[in-house]
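To convert a position in the sequence shown, counted from 1, into full-length UniProt numbering, add 2.
Ideal placement from N, C-alpha and C gives every residue a C-beta, glycine not left out.
First comes the structure, then the notes that go with it.
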Amino acid sequence: LLDHPRTDSTLEAAQSVSPGADAERPADVSAWVAELAELMQPADIHWCDGSTRERHELLQLLVSNGTIEQLNPELRPYSFLARSHEADVARLESRTFICSAEQIDAGPTNNWADPVRMRAEVTDLLRGSMRGRTMYVMPFSMGPIGSPMAKLGVQVTDSPYVVVSTGTMTRMGTAALDAIAAGAEWVPAIHSVGAPLAPGEKDAAWPCNDTKYIVHFPETREIFSYGSAYGGNAILAKKAFALRIASVQARDEGWLAEHMLIIKVTAPTGRAYHLAAAFPSACGKTNLAMLSPSIPGWTVETIGDDIAWLRIGADGRLRAINPEAGFFGVAPGTSATTNPTAMDTLWGNTVFTNVAKTEDGDVWWEGMTSAPPARLIDWRGNAWTPESGVPAAHPNSRFTVSARQCPSIASTWEDPEGVVIDAIIFGGRRATNVPLVVEARDWDHGVFLGATIASEQTAAAEGTVGELRRDPFAMLPFCGYNMGDYFAHWLDFGRRLRRSARVPRVFQVNWFRKGADGSFLWPGFGENARVLQWMVERLDGTACAEDSPLGSIPTADGLNLDGLDLSEDRVRELFAQDKGALLAEADDIEGFFATFGDRLPAELDRQLDLLRRRLAD
Ligand code: GDP
Ligand code: PGA
Ligand code: MN
Ligand code: MN
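This is the structure:
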């Protein structure tokens, strides 16, 4: 593997070195791969089987290429550190395109490009783009293989880093290919880092291209990604398929593909509840998914931390699966106090990207310990001290780890039927205006809360950190069609739920409200269990709530604050609703809604009107 030929060897020669027998492969996948090989001219083709041995060989290859280095095995067994190119550190929303036939079907929130022209443009870029590299063919399943909710895909890539990552994040390999051979539909995804190698040319540690594209053809369910190896742009099973393409499939097939974590909450009574929560990237999903409750008698178990697929089950109830198999989590801020479960998950078998390295060969990031080590190697590979004045880990540095390794993983996390969802939560990162928790009046009001979520930008995508923007349902970067139609789909889904079974309650939360001194008013993390307690007690009808313009909020003694050192003033600030500021926000929502023109459901205009009336009272 280490001396694989860096030549323009012919396709015939390439295929002769690939493992497995052609005859066992689905003919349509083989034909597609052959066509792509002719276009992209790889030196080799490798059909991934998803085995541990294959993963091991790829990790060794990545070490010898200089893409990753192994961490100290005594401190972090079988774990690796990747340092990306400095300009390939986050999702690129400005380079993400939804190429529906009609621009109106991409809607005002997506970059649209004409599908015929875009196909020609990316085909040109892909011509010869894998020269000197191996093309890896990765069959994968999103959702447990055989689940009625699972969907299949095949991604080709010339990045072994992407293969290793996809192997963690999805069910990748032979079993998925077998399911395709048995007749399952599959979504094709093409990825190239866009860095062909001339014979004898030395490879970059992190090959990529200044020109980047993440392109989706929603009508034909196809994905193209070029120039980046960053997870969110390159692990196409995740954001590109399980959200952007799947949201379109979900619209057409009557289900929901959402940017949501899923948890199982068990009360001291022994009764269990399942909650799904949508927050924008780097706004607390992984932390809530792994929450270790500060309040006695409560447990939270993890089912998923980023994506949920929800449908109405045969029993008429709302059921959800986590289509992924791993976590691609934000490192900074993760510590033994904020998220001990994540720290335990990361004990080994983890690939870290763009974190800092300690002198003894372990990892470090801002917030992992209260005081930073005296000396580090920063994410760029430079010597670092606390006086350096720059973060040691990139703010969007990540860990990639198997969900199986998570000590709080629920025994039901791979249930092919999914778990029954009792409540849905929307949230964002808001320094002002939005209370700690409110409960929607009903499903339609909940859809209004989801549709009007705004959040301060984070380092998870390019852009100005801290800038407030509307991020409806935390799906702004991930909805593969017109979001006006998406809102209508949610409203319609509620009507279908009402006909068949109990409709889940909807809540909105904000862990990030700040006081006048600029500090967070709410301690967050494990203390968020107190908010979960209020929610499940609302489901049971035991928690007290009072009406407010934004929705129902806990009464003065409704929220369990036992043992929490939080002044009454701060609690009041957490729930304060400044009518002037909220009316200004309503004006902003009106402007946002107007961008959808006649694709905006009338019900949302009605909800805005109701909000204004309640604020005017
Ligand atoms: P995700 O990208 O939505 O999964 O968000 P994460 O759970 O990875 O969290 C993103 C960042 O927000 C991390 O730095 C966390 O430490 C921080 N964070 C998560 N939950 C809370 C919380 O309840 N309070 C505060 N203050 N920060 C949080
Ligand atoms: P996150 O996942 O939501 O956990 O940050 C990655 C992303 O959304 O880009
Ligand atoms: Mn995400
Ligand atoms: Mn996350």
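Counting only the same chain and skipping the five closest in sequence on each side, list residues whose C-beta sits under 8 Å from that of residue i.
i: Pro-375; result: Thr-360, Glu-361 and Trp-366
i: Thr-9; result: Residue placement at Thr-9 is poorly supported in this model, since its pLDDT is 34, which falls under 50; the coordinates still yield a value, given next. If we look at Thr-9 and ignore the five residues flanking it on each side, its Cβ neighbours are Ala-45, Gly-134 and Pro-201.
i: Leu-4; result: Unreliable positioning characterises Leu-4 in this predicted model, as indicated by a pLDDT of 30, which lies under 50. The coordinate reading is nonetheless provided below. The answer, listed in chain order, is Gln-62, Leu-63 and Ser-66.
i: Pro-270; result: Pro-298, Gly-299 and Trp-300
i: Phe-522; result: Trp-513, Phe-514, Arg-515 and Lys-516
Going along the chain, which residues of its own chain have a beta-carbon closer than 7 Å to the beta-carbon of residue i, five neighbours each way excluded?
i: residue 1; result: The shown model of the chain, from 3 to 619, leaves out residue 1, and the question about it has no answer.
i: Leu-238; result: Gln-157, Ala-191, His-193, Ile-225 and Ser-227
i: Leu-83; result: Ile-70, Glu-71, Leu-73, Phe-354, Val-357, Lys-359 and Val-365
i: Val-165; result: Cys-50, Leu-60, Tyr-138, Met-140 and Thr-159
i: Gly-560; result: Trp-536, Ala-545, Cys-546 and Ala-547
i: Gly-68; result: Ala-207
i: Gly-468; result: Glu-458 and Gln-459
i: Lys-581; result: Leu-617
i: Ala-461; result: Ala-92, Ala-284, Pro-397, Asn-398 and Val-467
i: Ala-518; result: none
For residue i, name the three-state secondary structure that DSSP assigns.
i: Leu-451; result: helix
i: Phe-509; result: strand
i: Ile-265; result: strand
i: Ile-247; result: helix
i: Tyr-80; result: coil
i: Asn-113; result: strand
i: Trp-445; result: helix
i: Glu-14; result: Any reading at Glu-14 must be qualified, since the residue scores a pLDDT of 39, below 50, and its modelled position is unreliable; the value itself is stated next. Three-state DSSP puts Glu-14 in a helix.
i: Tyr-215; result: strand
i: Trp-524; result: coil
i: Ala-376; result: coil
i: Ala-476; result: helix
i: Trp-34; result: helix
i: Arg-608; result: helix
i: Ile-192; result: strand
Would you kindly report the start and end of the unbroken beta strand (DSSP E) that includes residue i?
i: Lys-287; result: Lys-287 -> not in any beta strand (DSSP E); alpha helix (DSSP H) instead, spanning 287–291.
i: Gly-331; result: 328–332
i: Lys-153; result: 153–159
i: Gly-130; result: It is not in any beta strand (DSSP E) - Gly-130 carries neither H nor E in the DSSP assignment.
i: Ile-70; result: 70–72
i: His-58; result: No beta strand (DSSP E) contains His-58, which is instead part of the alpha helix (DSSP H) from 54–67.
i: Trp-49; result: 46–49
The alpha helix (DSSP H) that contains residue i, what's its start and end?
i: Arg-498; result: 485–502
i: His-87; result: Neither: His-87 is in no alpha helix (DSSP H) and is coded neither H nor E.
i: Pro-342; result: 342–347
Compare the C-alpha of residue i against each of the options and name the closest.
i: Thr-355; options: Ser-390, Leu-584 and Phe-401; result: Phe-401
i: Ala-433; options: Leu-348, Ser-457 and Ile-411; result: Ser-457
i: Ser-96; options: Pro-79, Trp-114 and His-87; result: Trp-114
i: Ile-591; options: Ala-338, Arg-472 and Val-421; result: Arg-472
i: Arg-273; options: Glu-539, Thr-557 and Ala-338; result: Glu-539
i: Leu-179; options: Arg-377, Ala-29, Thr-340 and Glu-419; result: Ala-29
i: His-396; options: Ala-405, Asp-380 and Thr-387; result: Asp-380
i: Asp-116; options: Gln-105, Gly-335, Ser-337 and Ala-476; result: Gln-105
i: Arg-246; options: Leu-470, Gly-482 and Leu-613; result: Gly-482
i: Ala-490; options: Gly-430, Arg-382, His-447 and Gly-526; result: His-447
i: Thr-557; options: Gly-565, Leu-568 and Arg-574; result: Arg-574
i: Pro-342; options: Arg-377, Ser-294, Pro-146 and Ile-309; result: Ser-294
i: Pro-79; options: Thr-304, His-218, Gly-350 and Gly-286; result: Gly-350
i: Ser-143; options: Glu-416, Arg-119, Ile-265 and Ser-86; result: Glu-416
i: Ala-588; options: Lys-214, Ala-279, Ala-463 and Gln-609; result: Gln-609
i: Arg-497; options: Phe-577, Thr-268 and Glu-605; result: Glu-605
i: Leu-602; options: Ala-122, Ile-555, Trp-492 and Leu-541; result: Trp-492
Use the C-beta contact count for residue i: other C-beta atoms within 10 angstroms, 16 or more gives buried, fewer gives exposed.
i: Val-332; result: buried
i: Thr-371; result: exposed
i: residue 627; result: Because residue 627 is not part of the residues shown, which for the chain are 3 to 619, the question remains open.
i: Glu-326; result: buried
i: Pro-209; result: buried
i: Ser-569; result: exposed
i: His-261; result: buried
7 Å is my cut-off, CB to CB: does residue i come that close to chain D?
i: Arg-614; result: In summary, chain D is missing from the structure at hand, where a single protein chain is found.
Grab me the residues of residue i's own chain with a C-beta within less than 6 Å of its C-beta, minus the 5 sequence neighbours each way, in chain order.
i: Gln-510; result: Phe-428, Val-440 and Leu-451
i: Thr-352; result: Ser-81, Phe-401 and Val-403
i: Leu-584; result: Leu-617
i: Ala-344; result: Met-292 and Thr-336
i: Trp-188; result: Leu-154, Gly-155, Val-156 and Ile-182
i: Ser-18; result: Low confidence applies to Ser-18: its pLDDT is 39, below 50, so where it sits in the model is not reliable enough to give any reading.
i: Thr-454; result: Ile-591
i: Leu-127; result: Tyr-228
i: Val-436; result: Asn-512
i: Val-35; result: Val-139
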